[in-house]
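Visitor: Just so you know, the protein sequences line up as chains A and B, in that order. Last residue of the first sequence: number 329 in our numbering, and the count goes up by one each step with no gaps. Last residue of the second sequence: number 438 in our numbering, and the count goes up by one each step with no gaps. Let me begin by handing over the structure; questions about it come next.
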Amino acid sequence: MFDYSFAELSSILVMQGFAGLILFSVFVLMALGLAIIFGQMGVINMAHGEFMILGAYVTYLTSHLFLEFLPFAYPAYFFVAMVFAFVVAGALGLLVEWAMIRHLYARPLDTLLATWGLSLILQQIFRSTFGAREVGVELPDWMMGSLALSDTIEVQINGLFVMGLTVAITVAVLTLLFKSRWGLQVRAVTTNRTMSGAVGIDTRRVDRMTFGLGCGVAGVAGAAFTMIGSTGPTSGQLYIVDTFLVVVFGGAQSLIGTVASAFTISQSQSALEFFISGSMAKVLTLLIVIGLLMLRPQGLFVLKVRR
Amino acid sequence: MAADDTNEQKGLTSPLRRQLLKGMAALPAVAAFGGAPRAGFAADGVNTTGLAVTDTEVTVGILHSVTGTMAISETGSVQAEKLAIEQINAAGGVLGRKIKYIQEDGASDWPTFAEKAKKLLVNDKCASVFGCWTSASRKAVLPVFEQYNGMLYYPTFYEGLEQSKNVIYTGQEATQQIIAGLDWVVKEKGAKTFYLLGSDYIWPRTSNKIARKHIENFQKLEVVGEEYFPLGHTQFNSVINKIKLKKPDVIYAIIVGGSNVAFYKQLKAAGFDLENKQTLLTISVTEDEILGIGGENIVGAYACMKYFQSLDNENNKKFVEAFKAMWGKDIVIGDVTQAAYLGPWLWKATVEKAGSFDIDKVAAASPGIEFKEAPEGYVRIHENHHLWSKTRVGRVRKDGQYDVVYETADLVEPNPFPAGYQ
């Protein structure tokens with residue numbers, strides 16, 4: 023551990039910092055959709071991972087469409103795929119809200135069971151449609167390289183891409199929530215559902231749009247993850263625990279909290295990973311999170327709501 | 017319980033007797049035509065232990081996960097076993113009897129595996145079972161097979177340190193895969209330093225333990241890093257940074273399942289050139305995994321296995337052709353799939369040598385059984401119930417297939433309890 027030179031140590035620092043930032047972006051992308059739904063509606067969406075995988079499969083299909091019909095535009099297919107992923111996952115979200123979730127608002131814990139069932143159904147649909155084996159999503163060449171900043175420091179282009187995407191989506195969601203009329207309604211419903219209904223806000227409609235938006239963001243996250251992870255019927259399960267960890271640690275109703283918690287977890291994990299093995303780093307990170315949650319049971323950021 | 021058992025026994029034997037009587041009644045007619053219908057034996061002659069064997073049929077079990085996380089891997093094994101059974105039936109069956117199979121789903125859940133194994137042995141009286149993939153599932157069913165005296169053909173390459181009269185291991189144990197592969201990379205690539213990576217459970221840890229012992233104690237070379245990641249881990253940037261700093265001659269990777277996709281994509285994005293600069297040797301990436309990883313992300317990596325779909329021999333050509341005819345032309349065949357295909361054939365040969373379906377006789381007759389038509393070439397069962405087989409090294413092509421770059425001259429002796437490696 024101490025057999026590195028000073029120059030090596032400083033480049034370790036930079037590269038680990040960068041690895042931490044990529045992990046941070048991944049966490050934010052994963053958790054954002056869940057946090058919107060959980061924070062604003064109190065619905066625990068256990069099918070979040072499957073909505074991500076839906077986005078990944080849409081990306082896979084889009085890449086094949088481009089190869090088949092628009093090979094000259096292939097390098098740009100990814101941007102189209104992300105839009106498709108948002109639309110498809112969002113539309114399914116709207117449908118699910120209408121068919122299932124809206125009947126369960128009075129029983130928040132039941133949403134956990136219902137969405138868990140939904141996740142199993144979606145997994146089986148993926149398996150029947152795309153087969154049990156994992157599918158590979160081919161990426162345009164320009165996404166696979168890395169930029170060399172110095173002899174020892176290199177940053178990965180798809181890492182930068184994920185980071186840029188995270189910033190864009192986070193800003194868009196925050197703007198929507200805090201600057202738009204719809205966002206105002208969402209926040210009003212969160213604060214006091216009955217009162218909002220009384221002053222003429224269509225809470226049903228707000229709920230549906232929120233759920234759709236959360237699922238749509240999950241779809242985009244899934245599209246982005248095809249760059250770094252695997253796409254199989256059950257891959258969504260890989261992400262769900264980390265995602266809940268981030269949301270709960272951040273304070274369930276605060277998007278800022280989600281971002282802060284993603285940052286804390288990713289940086290500590292990345293730093294620890296360098297000195298101990300990956301498995302141990304994960305264990306230690308979990309212990310740190312549990313310790314902090316004992317001190318702050320509501321998570322890092324608490325939204326002050328009159329109940 | 018005892019009463020139940022006897023009832024079952026009666027239920028089982030009385031149809032046999034009836035068929036036997038029918039057969040005897042037909043004898044004069046047959047004699048009149050001057051020959052037996054086939055060179056068959058009556059069921060109670062070849063089977064004294066109450067297995068599900070009639071004069072025309074023998075029942076076996078297939079026990080794999082077709083749901084849950086392991087379905088991805090085990091699908092190929094199920095397909096191979098069904099293909100072998102179909103081919104054996106087309107060629108006249110086993111001791112003149114058609115094979116009938118009962119398939120059960122282990123659902124990627126080890127207690128379920130044990131329960132289904134018990135069902136196959138106790139209720140269905142299966143004459144043999146082809147199944148399991150993970151070591152965890154095998155460990156779960158092992159006591160069941162030993163208690164109820166069943167026969168399991170287990171297809172996966174695994175960590176060794178096990179041997180049972182009730183199991184035939186048709187995959188490689190650790191030394192057949194690891195040691196030959198490491199020797200090859202040291203000789204061919206002049207490797208001096210190694211970085212060991214793996215998923216965090218028993219098989220990669222045990223395999224890496226053997227690899228480290230071999231590298232340090234026998235080859236007198238150096239391991240510069242060793243790391244494990246939880247199953248399903250998708251963030252490998254930190255370890256890739258470490259590998260960059262340590263500059264090992266060989267990255268030795270035993271990461272399993274979906275994590276592989278993340279690992280190789282990130283490795284490529286980080287600028288590692290497996291084709292020209294960095295040597296990477298794996299024992300956990302078959303053609304199946306490459307489908308998910310994408311050939312362009314792993315092209316140039318080396319894998320140490322005993323079988324690749326691209327093996328150039330007559331047996332394999334026939335096997336690949338038949339496999340694709342049965343399961344679709346786009347399908348790929350990995351190492352374990354081929355090992356699963358060996359199971360029914362080895363069992364058939366053993367039963368015919370023993371002249372009986374009885375488990376004890378089959379177990380006793382197993383050592384020395386040969387299978388010359390194996391897609392991997394030629395295999396033989398060792399006294400320790402593992403297979404003598406060749407070790408091969410393949411190199412990933414862009415289309416997701418392997419070029420075979422090396423194979424051992426002789427069959428490698430299986431040794432599940434290697435001295436000096438524990």
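We treat Cβ as the ideally placed atom computed from N, Cα and C, and that holds for glycine.
Who are the neighbours of THR250/B on chain A, taking C-beta pairs under 7 Å?
Guide: Per Cβ cutoff of 7 Å: ILE250, GLY251 and LEU260.
Visitor: Taking all protein chains shown into account, do 16 or more other C-beta atoms lie within 10 angstroms of the C-beta of VAL183/B, making it buried, or fewer, making it exposed?
Guide: Buried, since its Cβ has 16 or more Cβ neighbours within 10 Å.
Visitor: Inspect the beta-carbon positions of MET52/A and ALA170/A and report whether they are closer than 8 Å.
Guide: No, the Cβ-Cβ distance between MET52/A and ALA170/A is not below 8 Å.
Visitor: Considering only the beta carbon of each residue, do GLY254/A and GLU156/A sit closer than 8 Å?
Guide: Yes. Within cutoff.
Visitor: Can at least three beta-carbon pairs, one atom from the segment 78–90 of chain B and one from the segment 119–127 of chain B, be found at a separation below 8 Å?
Guide: Yes: the two stretches touch, three or more of their Cβ pairs being nearer than 8 Å.
Visitor: Cβ of ILE256/B within 8 Å of Cβ of SER215/B?
Guide: Contact flag unset, no.
Visitor: Compile a chain-ordered list of the residues in the segment 233–260 of chain B whose CB is closer than 9 Å to at least one CB of chain A.
Guide: Residues GLU242, GLU243, TYR244, PHE245, PRO246, LEU247, GLY248, HIS249, THR250, GLN251, PHE252, ASN253, SER254, VAL255, ILE256, ASN257, LYS258 and LYS260.
Visitor: Determine whether the beta carbon atoms of THR407/B and GLY197/B lie at a separation below 8 Å.
Guide: Their beta carbons are under 8 Å apart, which means THR407/B touches GLY197/B by this criterion.
Visitor: For MET270/B, report the span of its beta strand (DSSP E) as first-last.
Guide: With the sequence shown as reference, residue 270/B is identified as Ile, and Met is not the correct amino acid for it. Counting along the chain, the beta strand (DSSP E) containing ILE270/B begins and ends at 266–270.
Visitor: In three-state terms, what does DSSP make of GLY410/B?
Guide: Three-state result, GLY410/B: strand.
Visitor: Using 8 Å as the threshold, is the segment 127–140 of chain B in touch with the segment 399–418 of chain B, meaning 3 or more CB pairs across them?
Guide: Because the criterion of three Cβ pairs below 8 Å is not met, the segment 127–140 of chain B and the segment 399–418 of chain B do not touch.
Visitor: Which residue wins for smallest C-alpha separation from GLY316/B, given the options GLU337/B, VAL412/B and PRO127/B?
Guide: Here the closest residue by C-alpha is VAL412/B.
Visitor: Identify whether ILE120/A lies in helix, strand or coil by the three-state DSSP scheme.
Guide: Position check: residue 120/A holds Trp in this sequence, whereas Ile was assumed. Looking at TRP120/A - three-state DSSP - the assignment turns out to be helix.
Visitor: Could you tell me which uninterrupted beta strand (DSSP E) segments, each at least 3 residues in length, are contained entirely in the segment 123–189 of chain A, listed from first to last along the chain?
Guide: With a minimum length of 3 residues, the continuous beta strand (DSSP E) runs that stay inside the segment 123–189 of chain A are 168–170 and 176–178.
Visitor: If we call anything under 8 Å between Cβ atoms a contact, is GLY61/A one with GLN275/A?
Guide: Result yes, Cβ atoms of GLY61/A and GLN275/A sit closer than 8 Å.
Visitor: Pick out whichever of VAL202/B, LYS114/B, THR150/B and LYS414/B has its Cα sitting closest to the Cα of ALA100/B.
Guide: Out of VAL202/B, LYS114/B, THR150/B and LYS414/B, LYS114/B has the C-alpha closest to the C-alpha of ALA100/B.
Visitor: Under 8 Å Cβ-Cβ, which residues of chain A neighbour PHE312/B?
Guide: Per the sequence shown, the amino acid found at residue 312/B is Glu instead of Phe. Per Cβ cutoff of 8 Å: GLU160.
Visitor: In chain order, what residues of the same chain have a beta carbon less than 6 Å from the beta carbon of VAL395/B, not counting five sequence neighbours either side?
Guide: Excluding residues within five positions, the ones whose Cβ falls inside 6 Å are PHE387, LEU403 and SER405.
Visitor: What distance in whole Å lies between the Cβ atoms of THR192/A and VAL281/A, which are believed to be in contact at a cut-off of 8 Å?
Guide: Confirmed, Cβ separation roughly 7 Å.
Visitor: With DSSP as the reference, label MET321/B as helix, strand or coil.
Guide: In the structure shown, MET321/B sits in a strand (DSSP, three-state: E or B).
Visitor: What residues in its chain sit with their C-beta under 8 Å from that of LEU37/B, if we drop five residues either side in the sequence?
Guide: Annotation note: pLDDT 47 at LEU37/B (below 50); position unreliable, coordinate value reported separately. Same-chain partners within the cutoff: there are none.
Visitor: Give every residue of the same chain whose Cβ lies closer than 8 Å to the Cβ of PHE296/A, excluding the five residues on either side of it in the sequence, and list them in chain order.
Guide: Within the same chain, PHE296/A has close Cβ partners ILE34 and GLN38.
Visitor: Let's test the definition: count the other Cβ atoms within 10 Å of the Cβ of ASP346/B and tell me whether it reaches 16, buried, or not, exposed.
Guide: Under this definition ASP346/B is an exposed residue.
Visitor: Taking LYS414/B as the reference, give the member of LYS377/B, SER300/B, GLU389/B and GLU291/B with the closest Cα.
Guide: Nearest of LYS377/B, SER300/B, GLU389/B and GLU291/B to LYS414/B, Cα basis: GLU291/B.
Visitor: Spatial neighbours of PHE324/B within its chain, please: CB distance less than 8 Å, with the 5 preceding and 5 following residues excluded, ordered by chain position.
Guide: Counting only Cβ-Cβ distances below 8 Å, and skipping sequence neighbours, we find GLU303, ASP351, ARG408, GLY410, GLN417, TYR418 and VAL420.
Visitor: CA-CA distance, VAL272/B and SER202/A?
Guide: Cα-Cα distance, rounded: 46 Å.
Visitor: Just curious, the alpha helix (DSSP H) that HIS86/A is in, first and last residue?
Guide: Here the alpha helix (DSSP H) through HIS86/A covers 70–91.
Visitor: Within 10 angstroms of its Cβ, does TRP361/B collect 16 or more other Cβ (buried), or is it exposed?
Guide: Label assigned to TRP361/B: buried.
Visitor: Give a yes or no on whether the minimum CB-CB distance between GLY300/A and chain B is below 8 Å.
Guide: Answer yes: the Cβ-Cβ gap between GLY300/A and chain B drops below 8 Å somewhere.
Visitor: Give me the Cα-Cα distance between LEU314/A and GLY300/A, rounded to the nearest whole angstrom.
Guide: For LEU314/A and GLY300/A, the distance between alpha carbons rounds to 21 Å.
Visitor: Could you say which of ALA95/A, LEU83/A, LEU140/A and PHE49/A lies nearest to LEU260/A if we only look at CA atoms?
Guide: Selected option, being the one with the closest Cα: PHE49/A.
Visitor: Since I believe ASP265/B is in contact with THR295/B (beta carbons under 8 Å), could you give me their beta-carbon distance rounded to a whole number of angstroms?
Guide: Their Cβ separation, rounded to whole angstroms, is 6 Å, which keeps THR295/B and ASP265/B in contact under 8 Å.
Visitor: To the nearest angstrom, how far is the alpha carbon of GLY439/B from that of LEU283/B?
Guide: For residue 439/B there is no data in the structure shown, the boundaries of chain B being 17 and 438.
Visitor: Can you name the residues of chain A whose CB is closer than 8 Å to the CB of THR65/B?
Guide: Neighbours of THR65/B on chain A: none; closest Cβ ~36 Å, over 8 Å.
Visitor: With 8 Å set as the bound, which would you pick, yes or no: does the beta-carbon of ILE309/B sit closer than that to a beta-carbon of chain A?
Guide: Yes, contact with chain A.
Visitor: Just mark ASP426/B as buried or exposed, buried being the case when its beta carbon has 16 or more other beta carbons within 10 Å.
Guide: Looking at its Cβ environment, which holds fewer than 16 other Cβ atoms inside 10 Å, ASP426/B is exposed.
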